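Student: Once you've had a glance at the structure underneath, I'll fire off some questions.
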Amino acid sequence: MGLYSREILIGVAAAHPEVRFDFCYRPHRYLRSRSIELPPNARRRLLAEPLGPRSAVLFHGLNQRLPRLPMRRAIATFHDLFVMTGEYSTPDFRARFTVQARDAAARASAIIAVSAFTKGQVVSLLGVDPAKVRVIHHGTRKLRLPAGAGREKVILNVGAVQKRKNIARLVEAFETVDRSWKLVLAGACGYGSEEILRRIEQSPARERISVAGYVSPATLAAFYAGAMIFAFPSLDEGFGMPLLEAMAAGVPIVTSNRSALPEVAGDAAILVDPESVEALGQALRDLTERDGLRQELSRRGELRASLFTWDKTVRETWEVYQEVIQQ
8 MGLYSREILI GVAAAHPEVR FDFCYRPHRY LRSRSIELPP NARRRLLAEP LGPRSAVLFH
68 GLNQRLPRLP MRRAIATFHD LFVMTGEYST PDFRARFTVQ ARDAAARASA IIAVSAFTKG
128 QVVSLLGVDP AKVRVIHHGT RKLRLPAGAG REKVILNVGA VQKRKNIARL VEAFETVDRS
188 WKLVLAGACG YGSEEILRRI EQSPARERIS VAGYVSPATL AAFYAGAMIF AFPSLDEGFG
248 MPLLEAMAAG VPIVTSNRSA LPEVAGDAAI LVDPESVEAL GQALRDLTER DGLRQELSRR
308 GELRASLFTW DKTVRETWEV YQEVIQQ
């Protein structure tokens with residue numbers, strides 16, 4: 008959501024210098040935002056309910072939450088609703104999230120969903136009229152890959168080490184590939200990470216598994232440039248930005264056949280049942296053993312990633328703004 012917010016804020020302001028924008032930050036983020044340089048047509052505002060941009064022509068909530076303020080018009084972006092559908096968080100967080108999502112869905116003049124899958128969830132779980140929801144995909148982040156980096160026998164996973172990301176099954180599937188391969192997990196720890204880390208410590212392949220934690224964009228780019236395979240068997244995703252990053256870097260992918268992941272991957276990945284360790288292991292072995300398959304998926308992935316641009320996301324978002332303002 009942070010990446011999405013930055014791309015939308017900076018992109019829309021740059022594309023429309025004739026318009027004044029207020030970038031609103033909640034109190035715990037306002038001071039930290041002071042280190043960020045804003046576009047000349049944007050100003051920083053504190054969002055501390057009941058204080059906020061009451062007179063704005065349009066308010067865009069960049070996630071599924073809107074402030075409790077009287078607003079002339081509002082849009083909310085919904086990234087996913089997996090908190091409502093799976094055991095991926097604490098009961099308290101699930102209850103709070105659900106209240107906020109239902110409120111935003113009811114009060115928004117329009118909703119932006121980051122995938123057709125997420126739109127389906129907004130319609131079915133929140134009872135929203137489908138005509139109120141616009142699907143606008145994310146763009147591909149342009150990571151600066153190091154020049155001349157050689158690829159190694161590495162299977163890379165990017166995302167939080169948490170239950171929803173299905174890391175325990177990935178580790179079990181990895182144990183079935185040739186011992187010359189390594190597994191790199193890049194991402195901070197999340198819900199359920201303690202159990203996953205215990206499983207990694209008990210793995211017979213432990214010496215070949217690297218838990219990198221949160222990494223900088225430069226380190227992440229180096230990981231993409233050096234990996235031969237990208238494995239992303241997540242159980243639930245509203246979009247799946249790491250797929251685009253891996254495809255853009257030319258890394259062949261195995262991912263899940265559910266949620267929004269087939270929508271993003273298209274024909275540029277091997278799709279498997281994420282709850283089947285056998286299927287995931289077979290896909291990994293196929294990719295480790297078949298150089299031609301890796302090359303073909305790499306080619307398809309680079310083409311697929313080129314279809315998702317932040318310029319397109321910004322343009323389509325601005326079109327929703329104009330539609331709502333003219334209502």
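For the sequence shown, counting from 1, position 239 maps to 246 in my numbering; every step adds exactly one. Just so you know, even glycine gets a beta-carbon here, dropped at the ideal spot from N, CA and C. None of these values were measured; they are calculated from a predicted model.
Given a cut-off of 8 angstroms, decide if Met235 and Arg311 are closer than it, judged by their beta-carbon atoms.
Tutor: Numbered from its first residue, the sequence shown carries residue 311 at position 304. Numbered from its first residue, the sequence shown carries residue 235 at position 228. Result no, Cβ atoms of Arg311 and Met235 do not sit closer than 8 angstroms.
Student: Could you tell me the alpha carbon to alpha carbon distance between Arg213 and His86, rounded to whole angstroms?
Tutor: Counting from one through the sequence shown, the residue named residue 213 turns up at place 206. Counting from one through the sequence shown, the residue named residue 86 turns up at place 79. Spanning the two alpha carbons is a distance of roughly 34 angstroms.
Student: Which ranges would you report for the alpha helix (DSSP H) in the stretch 65-145 if only whole runs of at least 4 residues count?
Tutor: 89-92, 98-114, 123-133
Student: Based on the DSSP output, what are the partners of Tyr32 in its beta bridges?
Tutor: Counting from one through the sequence shown, the residue named residue 32 turns up at place 25. Looking at the DSSP assignment, Tyr32 forms a beta bridge with Leu53.
Student: Return helix, strand or coil for Leu278, following the three-state DSSP convention.
Tutor: Taking the sequence shown and counting its residues from 1, the one referred to as residue 278 is at position 271. The answer is strand: DSSP assigns Leu278 an E or B state.
Student: Between the beta-carbon of Leu88 and the beta-carbon of Gln128, is there less than 8 angstroms?
Tutor: Here residue 88 refers to the residue found at position 81 when the sequence shown is read from its first residue. Here residue 128 refers to the residue found at position 121 when the sequence shown is read from its first residue. Yes, Cβ-Cβ distance for Leu88 and Gln128 is below 8 angstroms.
Student: Taking only the alpha-carbon atoms, compute the straight-line gap between Thr295 and Phe239 and give it to the nearest angstrom.
Tutor: Working through the sequence shown from its first residue, we reach residue 295 at position 288. Working through the sequence shown from its first residue, we reach residue 239 at position 232. Rounded to the nearest angstrom, the two C-alpha atoms are 15 angstroms apart.
Student: Counting only the same chain and skipping the five closest in sequence on each side, list residues whose C-beta sits under 6 angstroms from that of Leu242.
Tutor: The sequence position of residue 242 within the sequence shown is 235, counting from 1. Contacts found: Arg171, Asn173, Pro281.
Student: Buried or exposed for Ser313, please, with buried defined as at least 16 other CB atoms from any protein chain shown within 10 angstroms of its CB.
Tutor: One-based indexing of the sequence shown puts residue 313 at position 306. Exposed, because fewer than 16 other Cβ atoms sit within 10 Å of the Cβ of Ser313.
Student: Please confirm if the stretch 270-278 is in contact with the stretch 194-203, defined as three or more CB-CB distances below 8 angstroms between the two stretches.
Tutor: no
Student: Would you identify the three-state DSSP class for Ile15, choosing helix, strand or coil?
Tutor: Here the question's residue 15 lines up with position 8 in the sequence shown. Note: Ile15 maps to helix in three-state DSSP.
Student: Within 8 angstroms, do at least three Cβ pairs link the stretch 213-232 to the stretch 49-65?
Tutor: no
Student: Let me know if Tyr11 comes out buried or exposed under the rule of 16 or more other beta-carbons within 10 Å of its beta-carbon.
Tutor: For the purposes of this step, residue 11 is taken as residue 4 along the sequence shown, with counting starting at 1. Taking every protein chain shown into account, the CB of Tyr11 has 16 or more other CB atoms within 10 angstroms, so this residue is buried.
Student: In the DSSP assignment, find the beta strand (DSSP E) that holds Ile260 and state where it starts and stops.
Tutor: Stepping through the sequence shown from its first residue, residue 260 is reached at position 253. Where Ile260 is concerned, the enclosing beta strand (DSSP E) stretches over 260-263.
Student: Where do the N-terminal and C-terminal ends of the beta strand (DSSP E) with Gly220 fall, by residue?
Tutor: Position 213 of the sequence shown, counting from 1, holds the residue named residue 220. For Gly220, the enclosing beta strand (DSSP E) has its first and last residue at 216-220.
Student: Exposed or buried, which one is Leu177 when buried takes at least 16 other CB atoms within 10 Å?
Tutor: For the purposes of this step, residue 177 is taken as the residue at position 170 of the sequence shown. So Leu177 counts as buried.
Student: Roughly how many angstroms separate the alpha carbons of Leu73 and Gln209, rounded to a whole number?
Tutor: Translated into the one-based positions of the sequence shown, residue 73 becomes position 66. Translated into the one-based positions of the sequence shown, residue 209 becomes position 202. Taking the straight line joining both Cα atoms gives about 44 angstroms.
Student: Tell me which residue opens and which closes the alpha helix (DSSP H) that Val165 is part of.
Tutor: Taking the first residue of the sequence shown as 1, we reach residue 165 at position 158. First-last for Val165: 161-165, but that is the beta strand (DSSP E), not the alpha helix (DSSP H).
Student: Which residues does DSSP pair with Lys189 in a beta bridge?
Tutor: Position 182 of the sequence shown, counted from the first residue, corresponds to residue 189. DSSP, once it has assigned bridges, lists Val161 as partnering Lys189.
Student: Smallest Cα separation from Gly59: which of Ser131, Arg79, Gln302?
Tutor: To locate residue 59, count along the sequence shown from 1; it is residue 52. For the residues Ser131, Arg79, Gln302, the minimum Cα distance to Gly59 belongs to Arg79.
Student: State whether the stretch 154-167 contacts the stretch 26-42, with contact taken as three or more CB pairs (one from each stretch) at a distance under 8 angstroms.
Tutor: no
Student: Kindly indicate which three-state DSSP category Phe237 falls into: helix, strand or coil?
Tutor: As a position in the sequence shown, residue 237 is number 230, starting the count at 1. Here Phe237 sits in strand by DSSP.
Student: Take the Cβ of Leu38 as the centre, count every other Cβ of all protein chains shown within 10 Å, and call the residue buried at 16 or more, exposed below.
Tutor: Residue numbering aside, residue 38 sits at position 31 when the sequence shown is read from its first letter. Exposed: under 16 other Cβ atoms inside 10 Å.
Student: For Ala167 and Tyr221, what's the separation of their Cα atoms in angstroms?
Tutor: Position 160 of the sequence shown, counted from the first residue, corresponds to residue 167. Position 214 of the sequence shown, counted from the first residue, corresponds to residue 221. Ala167 and Tyr221: Cα-Cα distance of roughly 8 angstroms.
Student: To the nearest whole angstrom, what separates the beta carbons of Ala219 and Leu192, a pair I think is in contact under 8 angstroms?
Tutor: If you number the sequence shown from 1, residue 219 lands on position 212. If you number the sequence shown from 1, residue 192 lands on position 185. 6 angstroms between Cβ atoms; contact.
Student: Pick from Phe230, Arg265, Pro269, Thr84: whose alpha carbon is nearest that of Ala256?
Tutor: Residue numbering aside, residue 256 sits at position 249 when the sequence shown is read from its first letter. Answer by Cα proximity: Phe230.
Student: To which residues of the same chain is Gln169 closer than 6 angstroms at the C-beta, ignoring the five residues directly before and after it?
Tutor: Within the sequence shown, residue 169 is the residue found at index 162, counting from 1. Only Gly197, Tyr198, Gly199, Ser200 meet the Cβ criterion.
Student: Check whether the stretch 317-332 touches the stretch 259-266, counting contact only when three or more Cβ pairs, one atom from each stretch, lie closer than 8 angstroms.
Tutor: no
Student: Specify the secondary structure class of Leu58 as computed by DSSP and reduced to three states.
Tutor: Looking up residue 58 in the sequence shown gives position 51. Looking at Leu58 - three-state DSSP - the assignment turns out to be strand.
Student: So Pro46 and Ala20 are supposed to be a Cβ contact under 8 angstroms. How far apart are they, rounded?
Tutor: The residue labelled residue 46 in the question sits at position 39 within the sequence shown. The residue labelled residue 20 in the question sits at position 13 within the sequence shown. The pair is a contact, with the Cβ atoms about 4 angstroms apart (cut-off 8 angstroms).
Student: How do the stretch 242-251 and the stretch 86-106 stand: do at least 3 beta-carbon pairs fall below 8 angstroms, yes or no?
Tutor: yes
Student: Sorted by chain position, which residues of the same chain lie with C-beta nearer than 7 angstroms to Glu323's C-beta, five sequence neighbours on each side aside?
Tutor: By 1-based counting over the sequence shown, the position of residue 323 is 316. Excluding residues within five positions, the ones whose Cβ falls inside 7 angstroms are Ile143.
Student: Whose CA, out of Gln329, Leu300, Leu268, Ser263, lies closest to the CA of Pro283?
Tutor: Here residue 283 refers to the residue found at position 276 when the sequence shown is read from its first residue. In the sequence as presented, Pro is not what sits at residue 283; that position holds Ser. Ranking Gln329, Leu300, Leu268, Ser263 by Cα distance to Ser283 puts Ser263 first.
Student: Is Val26 helix, strand or coil by DSSP?
Tutor: Working through the sequence shown from its first residue, we reach residue 26 at position 19. In the three-state reduction of the DSSP assignment, Val26 falls in the coil class.
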